[in-house]
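**Q** With our numbering applied, the sequence shown closes on residue 206, and no number is skipped along the way. Glycine is no exception: its CB is placed at the ideal position from the N, C-alpha and C atoms. Small disclaimer: the values here were computed from a predicted structure and weren't measured.
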Amino acid sequence: MAQVGIVMGSDSDMPVMRKAAEILEELGISFDMRIISAHREPDEFFEYAKTAEERGYKVIIAGAGMAAHLPGMCAAIFPMPVIGIPMHTTSLGGRDSLYSIVQMPSGIPVATVAINGGANAGLLAAKILATSDEALLAKLKDYSKNLKEAVQKKDDKLQEVGYQNY
Numbered sequence: 041m042a043q044v045g046i047v048m049g050s051d052s053d054m055p056v057m058r059k060a061a062e063i064l065e066e067l068g069i070s071f072d073m074r075i076i077s078a079h080r081e082p083d084e085f086f087e088y089a090k091t092a093e094e095r096g097y098k099v100i101i102a103g104a105g106m107a108a109h110l111p112g113m114c115a116a117i118f119p120m121p122v123i124g125i126p127m128h129t130t131s132l133g134g135r136d137s138l139y140s141i142v143q144m145p146s147g148i149p150v151a152t153v154a155i156n157g158g159a160n161a162g163l164l165a166a167k168i169l170a171t172s173d174e175a176l177l178a179k180l181k182d183y184s185k186n187l188k189e190a191v192q193k194k195d196d197k198l199q200e201v202g203y204q205n206y
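Here it is, written out as structure tokens:
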């Protein structure tokens, strides 16, 4: 049974949503991924959101652009955490998506990451799950340690070769 549902409104969102999936995969978290448009196929969307809990989802990651209703509508139906990923758009650079996702009415929260923040959405879902999973928490601590080491290696290289040769 999948612990996380990843849903996007269009396949054009795949490059961003893939990053969330890759993080979950790296951390050993099971997930399902779907393309469902809240506007173009509302019946399918409602069925997805209404049955997410019984399918075992503990968190939904929903990516959407422009009007970006998918995350908020998931949060209106699904009783557990929803993480919204605002997509970059050509007309407004993703600000339209961001505002749509963060401006939820009282009582219907959606955790929101940066525009195109797929990796952080995956990490936030993992952190939510890690509150009741010691093994996952250890993996997240290792992940953070690896990030720190990667930055230190880059600085070591800079100190060795100088900025002109970096």
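Kindly indicate the opening and closing residues of the beta strand (DSSP E) around Val142.
**A** For the purposes of this step, residue 142 is identified with residue 102 of the sequence shown, where counting begins at 1. It is not in any beta strand (DSSP E) - Val142 instead sits in the alpha helix (DSSP H) that spans 135-142.
**Q** Got a sec: is the Cβ-Cβ distance from Ile101 to anything in chain D below 7 Å?
**A** The structure shown contains no chain D; it is built from a single protein chain.
**Q** With DSSP as the reference, identify every bridge partner of Ala102, one or two as the case may be.
**A** Indexing the sequence shown from 1 puts residue 102 at position 62. BP columns for Ala102 point to Val47, Gly124.
**Q** Between the Cα of Met279 and those of Ser137, Met120, Pro121, Phe118, spot the shortest distance and give me the residue it belongs to.
**A** Here the chain comprises residues numbered 41 to 206, so residue 279 is not present and cannot be evaluated.
**Q** Does DSSP put Met41 in a helix, in a strand, or in coil?
**A** Translated into positions along the sequence shown, residue 41 becomes position 1. Note: Met41 maps to coil in three-state DSSP.
**Q** Residues in the same chain with beta-carbon distance under 7 Å from Leu198, minus the five sequence neighbours each way, listed in chain order, please.
**A** Sequence index remark: in the sequence shown, residue 198 carries index 158 (1-based). Only Tyr206 meet the Cβ criterion.
**Q** Might you give, ordered along the chain, the residues of its own chain that have their beta carbon closer than 8 Å to the beta carbon of Met57, omitting 5 neighbours on each side?
**A** As a working mapping, residue 57 is identified with position 17 in the sequence shown. Hits under 8 Å: Ile46, Met48, Met73, Ile101, Gly103, Ile125, Gly158.
**Q** In chain order, what residues of the same chain lie with their CB nearer than 6 Å to the CB of Met113, ignoring the 5 residues before and after it?
**A** Counting from 1 along the sequence shown, the entry for residue 113 is found at position 73. Ala78, listed in sequence order.
**Q** In angstroms, rounded to a whole number, what distance separates the CA positions of Asn160 and Ala175?
**A** By one-based count along the sequence shown, residue 160 stands at place 120. By one-based count along the sequence shown, residue 175 stands at place 135. In a straight line, the C-alpha of Asn160 is about 20 Å away from that of Ala175.
**Q** Could you tell me the boundaries of the alpha helix (DSSP H) in which Arg80 lies?
**A** On the sequence shown, position 40 is the one that residue 80 refers to. Where Arg80 is concerned, there is no enclosing alpha helix (DSSP H), because DSSP gives it neither an H nor an E.
**Q** Express the C-alpha separation of Glu200 and Ala151 in angstroms, rounding to a whole number.
**A** To locate residue 151, count along the sequence shown from 1; it is residue 111. To locate residue 200, count along the sequence shown from 1; it is residue 160. Straight-line Cα distance between these residues: approximately 41 Å.
**Q** Select from Tyr97, Glu189, Ser140 the residue whose C-alpha is nearest the C-alpha of Ala166.
**A** What you label residue 166 is simply residue 126 of the sequence shown in a count that begins at 1. Ala166 has its Cα closest to that of Tyr97, out of Tyr97, Glu189, Ser140.
**Q** Please confirm whether Thr129 and Met144 have their CB atoms less than 7 Å apart.
**A** As a first step, residue 129 must be located in the sequence shown, where it is residue number 89. As a first step, residue 144 must be located in the sequence shown, where it is residue number 104. Not closer than 7 Å, so no.
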